[in-house]
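Read through the structure below, which is laid out as C-alpha cells, and then see the notes.
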C-alpha cells in the first residue's frame, strides 16, 4: 500500500510538471499554399490561403476562426487580421518572372469562407489575390524568405489542369522554375544554361516532376515527426520502452506503420473524415495507454499489437491534415502521399534508432527497467494525461 501511494504521488507530480512545461501540441499548423493559375490567353494569377491561427504564438493550440466568431468581431479587429496577413506574406514570399527580378506582388487581402467538413462548420481564412504582369517568354518562380515562419507549398494550374510537380519550400529555399511558354505549347527554345539547372522545369517525360514532388513531401513527412511531432515521438518512445528485443519492437513498429498508413491515405483522399476535436484527445490518450502498459504489463503480448494498431489508425488521421487541404490532382496526390508517408516512417525509424543508441549502455535488464523504463513511462503517461484533459477542455 505504501509503495502504491508513493508511486501515485510521483506520477501526479510528473504529470503536472511535464504538462506545465511542454505545450499540448497537436500536429503543426497547415503550411502556406501558393496557388498559381496560368492560361493560354496570358492570364496569370496567384492566390494564397492564410489561416489566422498562424498569427498566434502557439498556433497548434489555437482554434480555427469560425464564421460564428468572425461575425462577433468588430471592424477594427477584422482589419487588424488583414494587416497581420499582409505582414506574414511580406515576411514569407517573393516572386520572380524571367522579365523581372525578385519582387512581392501587389496582393489584395480579403476574408474567405471555407467549409470544415470534419467539424461541420464554416471557418474563415484570409485570401490574398494578385494578378501578375506576364510576357510571352516568361518563367515563374517563388522563394520562401528566411524570415518566414511557415513552409510554402508551390502548386500551379495550367489551363485549369494541375501541374504534376509540387514543391514544399522551407525558409530560405527557392522553387523550381516553371517554364510558361513551354507549358502553353509555344515553340520556344530552352537555352542550355537553364536546361542544365536542377531547378528548371523542362522534363516533358514527367519523371523529374515525380521525383521532385516525392522528395519534397518525403522531407516534410520526416519533419512532421522529428522534430515537430512531439506527441508522435512520445508514442513511438512508449512503443520502444516495452522491450528492446527485435521481435516485439519490429512487430509493434510495423503494426503502427500499417495502421497509420491506412487512415492517412483514406483521410487524404477524403474517404474518411473524423473531427479533430475527437482525434487529438485520443492521440494524447494513446500516449498514456502505451506508457502505462509498460509499467503494469511489462511482458509483450499479442493484444499489445491490437492496441498499437487501433491507436495507429488515429495517428494517421492526425497526419492527414498536412495533405488534404491542398486540393492536389489525383496523380500528384498519390506521389505526395507516398513521399509524405515514407518521410513519416523515416522520422519514426530515426526516433527508434536514437532511442536504441541512448539506452545501449544499460546492459542489465533489471537496472534498465528500474532506471529507464519506469521513470520515462511515468513521465510520458503524465504528459499524455495532461494533454488529454487540455484537449478535451479546449
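Numbering (the working numbering), first residue to last: 1214 to 1607.
Even for Gly, the Cβ is constructed at its ideal location relative to N, Cα and C.
With a threshold of 16 other CB atoms inside 10 Å of the CB of residue i, please say whether the residue is buried or exposed.
i, result
"residue 1465", "buried"
"residue 1514", "exposed"
"residue 1545", "buried"
"residue 1440", "exposed"
"residue 1190", "The shown model of the chain, from 1214 to 1607, leaves out residue 1190, and the question about it has no answer."
"residue 1554", "buried"
"residue 1348", "exposed"
"residue 1503", "buried"
"residue 1222", "Residue confidence for residue 1222 is low, a pLDDT of 44 falling below 50, so the modelled location carries little weight; the figure read from the coordinates is stated next. Exposed is the call here."
"residue 1269", "exposed"
"residue 1567", "exposed"
"residue 1506", "buried"
"residue 1468", "buried"
"residue 1413", "Bear in mind that the predicted position of residue 1413 carries a pLDDT of just 45, short of 50, making it too unreliable to give a figure here."
"residue 1374", "exposed"
"residue 1463", "exposed"
"residue 1605", "exposed"
"residue 1409", "Confidence is the limiting factor: at residue 1409 the pLDDT is only 41, short of 50, which leaves the residue's position unreliable and the question unanswerable from this model."
"residue 1313", "exposed"
"residue 1363", "buried"
In the structure shown, what three-state DSSP assignment does residue i receive?
i, result
"residue 1379", "coil"
"residue 1392", "strand"
"residue 1360", "coil"
"residue 1353", "strand"
"residue 1321", "strand"
"residue 1560", "helix"
"residue 1456", "coil"
"residue 1695", "Since the first and last residues shown for the chain are 1214 and 1607, residue 1695 lies out of range."
"residue 1348", "coil"
"residue 1583", "helix"
"residue 1270", "coil"
"residue 1429", "helix"
"residue 1512", "coil"
"residue 1316", "strand"
"residue 1486", "coil"
"residue 1386", "coil"
"residue 1596", "helix"
"residue 1275", "coil"
Where do the N-terminal and C-terminal ends of the beta strand (DSSP E) with residue i fall, by residue?
i, result
"residue 1533", "Looking at the DSSP string, residue 1533 is not in any beta strand (DSSP E), and its letter there is neither H nor E."
"residue 1369", "1365–1371"
"residue 1306", "1306–1310"
"residue 1257", "1257–1263"
"residue 1246", "1245–1251"
Hey, quick one: how far does the alpha helix (DSSP H) through residue i stretch, first residue to last?
i, result
"residue 1340", "Counting along the chain, residue 1340 falls outside any alpha helix (DSSP H), though it belongs to the beta strand (DSSP E) covering 1334–1344."
"residue 1505", "1489–1509"
Can you grab the Cα-Cα spacing for the pair residue i / residue j, in whole Å?
i, j, result
"residue 1477", "residue 1516", "23 Å"
"residue 1318", "residue 1372", "21 Å"
"residue 1284", "residue 1290", "11 Å"
"residue 1525", "residue 1365", "28 Å"
"residue 1245", "residue 1262", "7 Å"
"residue 1326", "residue 1482", "22 Å"
"residue 1426", "residue 1552", "8 Å"
"residue 1601", "residue 1494", "5 Å"
"residue 1248", "residue 1255", "16 Å"
"residue 1315", "residue 1309", "5 Å"
"residue 1301", "residue 1293", "12 Å"
"residue 1368", "residue 1562", "30 Å"
"residue 1265", "residue 1570", "41 Å"
"residue 1529", "residue 1277", "21 Å"
"residue 1165", "residue 1350", "With the chain represented from 1214 up to 1607, any question about residue 1165 goes unanswered, as that position is not in the structure."
"residue 1456", "residue 1444", "20 Å"
"residue 1377", "residue 1548", "9 Å"
"residue 1429", "residue 1423", "10 Å"
"residue 1226", "residue 1599", "Reliability of the predicted coordinates at residue 1226 is poor, the pLDDT of 48 falling under 50, and the value obtained from them is presented with this limitation in mind. Roughly 11 Å between the two C-alpha positions."
"residue 1550", "residue 1356", "23 Å"
"residue 1257", "residue 1370", "10 Å"
"residue 1498", "residue 1320", "43 Å"
"residue 1603", "residue 1392", "49 Å"
"residue 1512", "residue 1275", "40 Å"
"residue 1492", "residue 1394", "46 Å"
Please tell me whether, using a cut-off of 6 Å, the distance from the CB of residue i to the nearest non-hydrogen atom of the ligand SAM is below it.
i, result
"residue 1577", "Here there are no bound small molecules, and the ligand SAM is not part of this structure."
Chain B beta carbons: is any one of them nearer than 7 Å to that of residue i?
i, result
"residue 1560", "The question asks about chain B, but that chain is absent: this structure has only one protein chain."
Exercise. Using 8 Å as the threshold, is the stretch 1580–1592 in touch with the stretch 1477–1492, meaning 3 or more CB pairs across them?
Worked result: no
Exercise. If we count Cβ pairs, one from each stretch, closer than 8 Å, do we get three or more for the stretch 1421–1440 versus the stretch 1547–1565?
Worked result: yes
For this session: Please determine if the stretch 1591–1607 and the stretch 1445–1454 are in contact, where contact requires at least 3 C-beta pairs separated by less than 8 Å.
Result: yes
For this session: Say whether the stretch 1335–1343 touches the stretch 1385–1392, bearing in mind that this needs 3 or more beta-carbon pairs closer than 8 Å, one atom from each stretch.
Result: no
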